[in-house]
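Trainee:
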Amino acid sequence: MDNAFGQPQTVIVLGGSSDIARELTKKLCAARAHTVVLAGRNQSLLDEAASEAKDYGATTTDTVLFDAQDPSNAARVVTEAFEKVGEHVDLVVIAVGLLGDQFEQEDDAEAAARVATINFTWPVAALAELRRRLVAQGSGRILVMSSVASIRIRRNAYLYGGAKAGLDRLCDGLADSLSGTGVTLQLVRPGVVRTKMTAGLPDIPFTTNADDLARTIVKGLASGDRVIWSPPILRYAFAVLRHLPKPVWRKVVDR
Amino acid sequence: MSEHLSGWGRTTTSIAQVQRPSDETAVEELLAQEPNIIARGLGRSYGDAAQVSGGVVLDNRGFDTIGPIGADGIVTLGGGVSIDQLLAVSVPLGWFVPVTPGTRQVSIGGAVAADVHGKNHHLDGSIGAHVLAMRLVTPTGIHSLSPTNDGELFWATLGAMGLTGFVTSVTLQLLRIETDQVLVDTDRFGDLDAVMAAMIERDEEFRYSVAWVDCMTRGSHMGRAILTRGVHATRADVNDATLRPPRSSKLAVPFVAPSGLLNSLSVKAFNEAWFRTSPRHQEREAHSLSSFFHPLDGLREWNRLYGKRGFVQYQFCVPHDAAETITNAIEYLSTSRVPSFLAVLKRFGPASPGPLSFPQPGWTLALDLPVGPSILPEVLDALDEMVLSAHGRVYFAKDARLGPDKVNAMYPRTKEFLDLKQRIDPDHRLTSDLARRLQLSGK
Ligand SMILES: Cc1cc2nc3c(=O)[nH]c(=O)nc-3n(C[C@H](O)[C@H](O)[C@H](O)COP(=O)(O)OP(=O)(O)OC[C@H]3O[C@@H](n4cnc5c(N)ncnc54)[C@H](O)[C@@H]3O)c2cc1C
């Protein structure tokens, strides 16, 4: 069970081998998380992440292998993860995502659909099963990794940004629908984070690393903020940026 | 009916089906049926002990009968009778509860489940020492228990936080009183060592003794304290002796205050005012039962003052030979600057035989801490380590944040408890959010 400080003890991470997920898992385990189930598409990375979780204090870890290109497996993946936890699930993190190279994707129907499926359709399918199970539990939390890329979409990442925008807006409504159920959903909107996924991209202002982001998320879990911005100042930056006239916006992001 | 439940600290909320059975058969059926079930009294435990997310919560208030009080002061009560309701009947007849927590608004079932202690623990022990018998419904049947009749289950229930079953009735030995007054000595001390020395020296002369300690002042006045000690007044002690029961309060906090209202500054100011207005030394001042035992009951729902985020209470005890842990803890708290109201310091007498009963001979300190400061979780984790290394423990009735890895060391008889639980609850139906958090359901 979550304690009074919002520190979860049992955690499922969908997309559990990403750099951000691993950093977050480490911090949760260093606090109270003792049971962690990590789901992802690369078994050896998952095993690495699981053993890292143990180094940071987890006593029980397990993994579920899946590919987010196929939304029809989402319910099974969630079910398996719940069974592997074997008790009340305190927190489910959805950190599934694919950025890729816009220029390789934008004229390729299959590649474009893949970006939409992995960043939007699979998480949506998983959320449906999660919602059902957590509401039956009478408590529990969902943390969804969105992105500031979803708030104002850039032309050189519109596939990723657009899919994340869909997820971000959908989760806003889903969070409302959970009111009164004992279950809550929090969105994380990070700026650019230096990770494997973003290697090669130039550092734009407010770029953070996975460690800072994870720290901000842990704080957000404690305070229960519905949207967790990272770095926190982006909340205010985007209040302005989202209303910039188009030509100015392009100038800002296409430097 | 589906309800949102939380403890007195208003921190972790969860949803459960609440049922209010009023006969043992109904309780027995529910316990045999429901996969996740726990009792609840008046919700005065601070954390998550009286709730079970997604399960069934048995409100004990259906068991509300107060039996006749015998000439020997023995009474049998329904598990849902509150101490307030009992005193309303018993005080006019010259009987007081043998042990009362700092509020009258607890049920006798909840008091037994926590094996509560009062200001008289140094002499009289916890409530278990005054329970002559009880009836307990478990998933495997109804038990009539006493220290000599299945004493193992009897004692295990005292402190079990509802995890052995549902207490439907309790037979209690009351305490004879001649008046509704308490004669109170008050002393103010400039530092912690002085108050602890005074308590060791003369606590035995008073049935009731407790000190309020300031945990926010640093330097030479660290741990300054006010000690209050009292005895029940006899008829000879007061002019017009009366036996009026405590009156319930009309004052309530009408809404939830903004979080952050109680911060280091406001708490410091409050602590300062408290000290300024207390006498340096005063003897045998007559107080009413409620102002001496239940001062906080004067303001109903005062927990709302802590705002939306709520607050936690940290209460621990350590053996006599580890008294310096009290000093170290207060020093650590005052240097870490987390706001904390006057802490309550007390000496404990003999332990009860219950494997999960909290009090053990030595010292106990209880602190109220608003949730908010981001260092608070780590500060309390560090206190856990201090307490553990002194062979002490924290009190489950107040806890909302301990991790399961500390439980076995703090309560070395946990395994014995879980073995017994397995016998009366083989399907692990009895569970709560606290039991899940601390891995006490046996699953
Ligand atoms: C202001 C204040 C001061 C306090 N001072 C003290 C003090 O000085 N000393 C002290 O020891 N405690 C103190 N407490 C704590 C309080 O006495 C205990 O938490 C007590 O258990 C609360 O009783 P309740 O009826 O509110 O029970 P709840 O909080 O509703 O439940 C507490 C536990 O009792 C179990 N329970 C309830 N009814 C039954 C039943 N019929 N059968 C089996 N289990 C049951 C529940 O499952 C739960 O685990 C204080 C609390 C407050 C708010």
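Residue numbers (this note's numbering), protein chains in the order written: chain Y, 1 to 255; chain R, 1001 to 1443.
Backbone N, C-alpha and C define an ideal beta-carbon position, used for all residues, glycine too.
Using 7 Å as the limit for Cβ to Cβ distance, is D55 (chain Y) near chain R?
Mentor: no
Trainee: In chain R, which residues lie with their C-beta within 8 Å of the C-beta of F82 (chain Y)?
Mentor: Within chain R, not a single residue places a beta-carbon under 8 Å from that of F82 (chain Y); the smallest gap is close to 13 Å.
Trainee: How far does the alpha helix (DSSP H) with P123 (chain Y) in it reach, from first residue to last?
Mentor: That run of the alpha helix (DSSP H) goes 122-137.
Trainee: For L1438 (chain R), collect the residues of the same chain with a Cβ closer than 7 Å to its Cβ; drop the 5 residues on either side in sequence, then sort them by chain order.
Mentor: L1402, P1404, V1407
Trainee: Any C-beta of chain Y within less than 8 Å: which residues of the segment 1371-1397 of chain R qualify?
Mentor: V1371, S1374, L1376, P1377
Trainee: At a threshold of 6 Å, does I1074 (chain R) count as lining ligand 1 (C-beta to nearest heavy atom)?
Mentor: no
Trainee: For ligand 1, I want to know if P1101 (chain R) counts as a neighbour, meaning its beta carbon is within less than 6 Å of at least one of the ligand's heavy atoms.
Mentor: yes
Trainee: Taking the alpha-carbon positions, what's the P1098 (chain R) to G1062 (chain R) distance?
Mentor: 24 Å
Trainee: Roughly how many whole angstroms lie between the Cα atoms of H1143 (chain R) and G1080 (chain R)?
Mentor: Going by the C-alpha atoms only, they are around 18 Å apart.
Trainee: Identify the contact partners of T1011 (chain R) in chain Y, using a Cβ-Cβ distance below 7 Å as the criterion.
Mentor: A4
Trainee: Per DSSP, H1287 (chain R) forms a beta bridge with which residues?
Mentor: According to DSSP, H1287 (chain R) shares a beta bridge with R:V1182.
Trainee: Whole angstroms is fine: what's the gap from T61 (chain Y)'s alpha carbon to M1196 (chain R)'s?
Mentor: 47 Å
Trainee: Rounded to the nearest angstrom, what separates L1356 (chain R) and I1424 (chain R) at their Cα positions?
Mentor: 16 Å
Trainee: Establish whether the CB of S230 (chain Y) and some CB of chain R are separated by less than 7 Å.
Mentor: For S230 (chain Y), the answer is no, since every Cβ of chain R falls outside 7 Å of its Cβ.
Trainee: Going by beta carbon distance, what residues of the same chain come within less than 6 Å of V85 (chain Y), once the five residues before and after it are set aside?
Mentor: T10, T35, V37
Trainee: In three-state DSSP terms, what is G40 (chain Y)?
Mentor: strand
Trainee: Work out the CA separation of L1376 (chain R) and A1016 (chain R) for me, nearest whole Å.
Mentor: 29 Å
Trainee: I'd like the list of long-range same chain contacts for T207 (chain Y), defined as Cβ closer than 6 Å, with 5 residues on each side in sequence excluded.
Mentor: V192
Trainee: Within a Cβ cutoff of 7 Å, which residues of the same chain sit near N1263 (chain R), ignoring the five residues on either side of it in sequence?
Mentor: P1339
Trainee: Give a single yes or no on whether G1067 (chain R) has its beta carbon closer than 6 Å to a heavy atom of ligand 1.
Mentor: no
Trainee: Classify T1364 (chain R): buried if its beta carbon has 16 or more other beta carbons within 10 angstroms, exposed otherwise.
Mentor: buried
Trainee: Can you tell me where the beta strand (DSSP E) with Y1314 (chain R) in it begins and where it stops?
Mentor: 1311-1319
Trainee: Using a Cβ-Cβ distance under 7 Å, would A1016 (chain R) count as near chain Y?
Mentor: yes
Trainee: Have a look at Y:I151, Y:A113, Y:F82 and flag the residue whose alpha-carbon is nearest the alpha-carbon of A136 (chain Y).
Mentor: Y:F82
Trainee: Quick one: what's got a C-beta closer than 7 Å to E1416 (chain R)'s C-beta in the same chain, skipping five residues either side?
Mentor: If we look at E1416 (chain R) and ignore the five residues flanking it on each side, its Cβ neighbours are P1355.
Trainee: Tell me whether R1229 (chain R) sits in a helix, a strand or coil according to DSSP, three-state version.
Mentor: Three-state result, R1229 (chain R): strand.
Trainee: With C-beta atoms as the reference, is I1069 (chain R) less than 7 Å away from S1090 (chain R)?
Mentor: Yes. Within cutoff.
Trainee: Please name the residue, chosen from Y:L127, Y:Y56, Y:V252, that lies closest to S177 (chain Y) on a Cα-to-Cα basis.
Mentor: Y:L127
Trainee: Going by beta carbon distance, what residues of the same chain come within less than 6 Å of L1175 (chain R), once the five residues before and after it are set aside?
Mentor: Cβ neighbours of L1175 (chain R) beyond the five flanking positions: F1096, P1098.
Trainee: Label T1234 (chain R) either buried or exposed according to how many other C-beta atoms from any shown protein chain fall within 10 Å of its C-beta, with 16 as the threshold for buried.
Mentor: exposed
Trainee: Taking Cβ positions, are G1078 (chain R) and D1059 (chain R) nearer each other than 7 Å?
Mentor: no
Trainee: Just checking N1120 (chain R) against ligand 1 - is the residue's beta carbon closer than 6 Å to any of the ligand's heavy atoms?
Mentor: no
Trainee: Can you tell me whether DSSP reads T1136 (chain R) as helix, strand or coil?
Mentor: According to the sequence shown, residue 1136 (chain R) is Leu rather than Thr. Reduced to three states, the DSSP call for L1136 (chain R) is strand.
Trainee: Mind checking whether the beta-carbon of L1042 (chain R) lies closer than 6 Å to any heavy atom of ligand 1?
Mentor: Yes; taking the cut-off as 6 Å, the Cβ of L1042 (chain R) has a heavy atom of ligand 1 nearer than that.
Trainee: CA-CA distance, I1326 (chain R) and V188 (chain Y)?
Mentor: 41 Å
Trainee: For a test of the three-state rule: what should DSSP assign to A1049 (chain R), helix, strand or coil?
Mentor: coil
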